[in-house]
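For reference, the structure discussed in these notes is given below.
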Amino acid sequence: MSERTPQRAVKAVIPAAGLATRFLPATKAVPKELLPVVDRPVLQYIVEEAARAGIHDVLLITGRGKTSMVDHFDPHPYLESRLEAKGDLTRLAAVRRTSDLAEIYTCRQGEPLGLGHAVSYAESHVGSSPFVVLLGDEFTEEDKPLLPQMIDLQAETGGIVLAFIEIPDDQVDRYGIASVSDTGTPDVVQVTGLVEKPPVGEAPSNLAVVGRYVLPAGIFDAIRRTKPGSGGEIQLTDAMALMLAEGTPVHGIVYRGVRYDTGMPLGYLQTIVELACQRDDLGPAFSAWLKDFVAAQKA
Ligand code: UTP
């Protein structure tokens, strides 16, 4: 008698080929994934989040003007030898860390035709195993991991696992919102439907989809069968809705930590301020300055 050994996701895909229009003109030549949050690019926080969950195989979906993202994770022997010669061991360790985090693979999405279209490029790298998708402009709080629980749940169900945050009722029109039923386990829900940006007052819940997914390999076939949807793009949400309608179990985990959304200027600035205040080296001086600055604005 052989029991099915659950397959666990061991690879991550980071779609980062979008046009980043909400951040123009900054993102005309610089990928938004490389914008710095204090002294690390956003993308490094995301790869670190994957690495903390035990995922060290990362496929970056890049596009036109985005190849510099990959350089960040390459070893840089010349820079390292200069830092070593200067005795700057702290920065040397920080530089080396970027190339030790994960094996980075890349492929190119020739034209940004949607998130579903971007994910479809991962098929040959991922094969028939489940995998994690991390959107390239958001990340979670270091001390409150989300991915391990998502990966465990996906290995148990074999289906799709999403992540949600609870948002105020008057903000539902900015997010994808899920209709859900209870599973009996706190903060784990069964997803029965997804609606994109419903009008305030018409949302089935206040659970908003965030950019972390654990998907079975069946998603590739579903994407192939998905026609262009909103904005003429091939949407990952539409492909997941197709699988849900065909009986694939879809669950969600309600995340109780902070989710940093750096995809637009306001969220990006909030992220920098919050993380700068938390730093042992910069935090005390920066927080003191910030308090004085805010007080002076009120006066
Ligand atoms: P967004 O919806 O944030 O789109 O995509 P965007 O192009 O990055 O930014 P805006 O909305 O124009 O300001 C979510 C994630 O999916 C990737 C993006 O790079 C981002 O990480 N994406 C989106 C792709 O890789 N390819 C696409 O065709 C679309």
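For the sequence shown, the working numbering gives the first residue as 288, with consecutive numbering after it.
A virtual CB, placed ideally from N, CA and C, is assigned to each residue, including glycine.
8 angstroms Cβ cutoff met for residue i and residue j
i      : j      : result
Thr549 : Leu322 : yes
Pro302 : Val496 : no
Ile333 : Phe426 : yes
Ile510 : Ser492 : no
Glu428 : Val545 : yes
Glu520 : Leu400 : yes
Ala389 : Arg295 : no
Phe507 : Ser407 : yes
Ile348 : Cys394 : yes
Ala504 : Gly445 : no
Ala405 : Gly352 : no
Ala450 : Leu433 : yes
Ser589 : Pro318 : Past the edges of the chain, shown from 288 to 586, lies residue 589, and the structure says nothing about it.
Met527 : Ile447 : yes
Lys298 : His412 : yes
Cβ-heavy atom distance, residue i to the ligand UTP, below 7 angstroms
i      : result
Phe418 : no
Ile348 : yes
Pro552 : no
Ala563 : no
Pro302 : yes
Thr513 : no
Pro328 : no
Ala405 : yes
Pro312 : no
Residue nearest to residue i in terms of C-alpha spacing, selected from the options
i      : options                        : result
Gly554 : Gly305, Ala304, Arg309         : Arg309
Thr314 : Arg339, Ala337, Gly341, Gly350 : Gly350
Leu502 : Ser355, Thr470, Ile438         : Ile438
Val324 : Lys578, Gln584, Gln565         : Gln565
Ile481 : Asp474, Glu489, Ser466         : Sequence check: residue 481 is Leu here, not Ile. It is Ser466 whose Cα lies nearest to the Cα of Leu481.
Arg327 : Ile348, Ala381, Gly374, Leu347 : Ala381
Gly403 : Thr513, Lys578, Val537, His538 : Thr513
Arg461 : Leu440, Ala372, Lys484, Ala450 : Lys484
Leu562 : Val537, Val406, Ser574         : Ser574
Val478 : Asp567, Ile540, Ile391         : Ile540
Asp469 : Leu494, Ile454, Ala490         : Leu494
Thr472 : His538, Ile559, Leu529, Leu376 : His538
Local Cβ density within 10 Å of residue i, reported as buried at 16 or more and exposed below that
i      : result
Tyr500 : buried
Glu336 : buried
Met288 : Because Met288 sits at a pLDDT of 44, beneath the cut-off of 50, its placement in the model cannot be relied upon, and the following sentence gives the value as read from the coordinates. The residue is exposed, with fewer than 16 neighbouring Cβ atoms inside 10 Å.
Val476 : buried
Glu320 : buried
Phe580 : exposed
Val487 : exposed
Gly423 : buried
Gln458 : exposed
Ala582 : exposed
Pro435 : exposed
Lys373 : exposed
Thr587 : Nothing in the structure corresponds to residue 587, since the chain is present only between 288 and 586.
Leu440 : buried
Gln396 : buried
Gly305 : buried
Beta-bridge pairing of residue i - partner residues as DSSP gives them
i      : result
Gly539 : Leu449, Val476
Arg546 : Thr427
Leu311 : Per DSSP, none; premise fails for Leu311.
Pro399 : DSSP, once it has assigned bridges, lists no residue as partnering Pro399.
Leu421 : Arg499
Glu390 : Asp344
Thr349 : Arg395
Gly463 : Glu483
Val300 : Leu346, Val420
Pro328 : Pro323
Leu494 : Glu453
Asp469 : Val476
Residue-level contact to chain C via CB, residue i, 8 angstroms cutoff
i      : result
Gly397 : In the structure shown, chain C cannot be found, because there is only a single protein chain.
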